[in-house]
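Worksheet: the structure to be examined is printed underneath.
Residue numbers (this note's numbering): 25 to 305.
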């Protein structure tokens, strides 16, 4: 009887393990399908005016690579008229306006405002932007093995390097999705290290500014904020970016994404940290 009971237990355990494995497999497939759907929503180049990349590189521009989720993309309020900006996307240099190619969303962005914010503070050289931002992505979506988004980021960096427009700074604005998912500080910190490794392996050792951007119809996420601050303290490549969480509901059009005034404030905050870093060189 004892042997039969042990065998029965083994069958139950094996069956449970199989069910759990199938559940995990299905969960992974659903996550991959969801991410693939988001990647398909990235704005492509359209009728933007082309610019000679070699001529642009010869002007020794400040090259900024902006990465993250929706608040790093085109999900803000769309302004009536803003000057176009130099942008690199899909291996081409263009003059672009919101919604910027390389990001999801059909609205406004922080980044079209950033060159003007830098110029207002005395920056004279051209500013070239490149953007890869995907709505509702966690840091794990960018860094886990075989991630299609991670592969796209690596190719993006290699393309910039090939055009002699390697990023001077990487601007990371993400955290809302991890705050919602309840990602723990240690896990987020490990994935930040993974992001740095991914960028390094693709050919970029540029400083990475980490914005604190965790608010989306919710209070600031203490775990993510602490992880960012710890990463900056422990790894020289990481630098503290602006605190986007301080932008309140009056600066967000839906409690999460930035309204026009919020985009202006965010661009000004980014300009401050970038110029402070440039002046300290």
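Where a beta carbon is used, it is the ideal one built from N, C-alpha and C, also for glycine.
Keep in mind that this is a model prediction, so the values were computed, not measured.
I believe residue i touches residue j by the beta-carbon criterion, under 8 Å. Please report the beta-carbon distance rounded to the nearest angstrom.
i: residue 156; j: residue 86; result: 18 Å between Cβ atoms; not a contact.
i: residue 233; j: residue 158; result: Contact doesn't hold; Cβ gap of about 19 Å is too wide.
i: residue 285; j: residue 275; result: 5 Å
Which residues in the same chain as residue i place their Cβ atom closer than 6 Å to its Cβ, once the five residues preceding and following it in sequence are excluded?
i: residue 209; result: 247, 250, 251
i: residue 66; result: 128
i: residue 293; result: 266
i: residue 302; result: none
i: residue 199; result: 237, 238, 248
i: residue 169; result: none
i: residue 187; result: 77
i: residue 103; result: 132, 284
List the endpoints of the continuous alpha helix (DSSP H) containing residue i.
i: residue 77; result: 77-82
i: residue 258; result: 246-258
i: residue 298; result: 284-303
i: residue 116; result: Residue 116 -> not in any alpha helix (DSSP H); beta strand (DSSP E) instead, spanning 116-120.
i: residue 172; result: 172-186
i: residue 147; result: Premise fails: residue 147 is in no alpha helix (DSSP H) and is neither H nor E.
i: residue 219; result: 209-226
i: residue 135; result: Segment: none, residue 135 is in no alpha helix (DSSP H) and carries neither H nor E.
i: residue 229; result: Neither: residue 229 is in no alpha helix (DSSP H) and is coded neither H nor E.
i: residue 200; result: 200-205
i: residue 167; result: 163-167
Which first and last residues belong to the beta strand (DSSP E) in which residue i is found?
i: residue 154; result: 151-157
i: residue 263; result: 262-267
i: residue 92; result: 86-92
i: residue 241; result: It is not in any beta strand (DSSP E) - residue 241 carries neither H nor E in the DSSP assignment.
i: residue 195; result: 193-197
i: residue 101; result: Here residue 101 belongs to no beta strand (DSSP E), and DSSP marks it neither H nor E.
i: residue 111; result: 109-113
Using a Cβ-Cβ cut-off of 7 Å (strictly less than) and excluding sequence neighbours within five positions of residue i, which residues of its own chain qualify?
i: residue 130; result: 98, 123
i: residue 120; result: 72, 108, 109, 111
i: residue 288; result: 137
i: residue 295; result: 138, 141, 142, 145
i: residue 64; result: none
Note down, in chain order, each residue of its chain lying with its Cβ closer than 8 Å to the Cβ of residue i, except the 5 sequence neighbours on either side.
i: residue 83; result: 149, 150
i: residue 47; result: With a pLDDT of 37 at residue 47, under the threshold of 50, the predicted position of this residue should be treated as unreliable, and no value is reported.
i: residue 74; result: 116, 117, 118
i: residue 62; result: 128, 158, 159, 160, 161
i: residue 191; result: 87, 88, 89, 154, 181, 184, 228, 230
i: residue 177; result: 91, 156, 166, 222, 223, 226
i: residue 273; result: 279
Is residue j closer than 9 Å to residue i when the C-beta atoms are compared?
i: residue 112; j: residue 77; result: yes
i: residue 118; j: residue 69; result: yes
i: residue 146; j: residue 299; result: yes
i: residue 193; j: residue 230; result: yes
i: residue 154; j: residue 89; result: yes
i: residue 152; j: residue 80; result: yes
i: residue 15; j: residue 271; result: A query on residue 15 cannot be resolved here, the shown segment of the chain reaching from 25 to 305 and no further.
i: residue 278; j: residue 244; result: no
i: residue 17; j: residue 197; result: Outside the displayed range of the chain (25 to 305) lies residue 17, so it cannot be described from this structure.
i: residue 165; j: residue 59; result: yes
i: residue 160; j: residue 258; result: no
i: residue 255; j: residue 205; result: no
i: residue 126; j: residue 114; result: yes
i: residue 224; j: residue 280; result: no
i: residue 235; j: residue 195; result: yes
Report yes or no: do three or more beta-carbon pairs, one from the stretch 214-229 and one from the stretch 263-281, lie closer than 8 Å?
-> no
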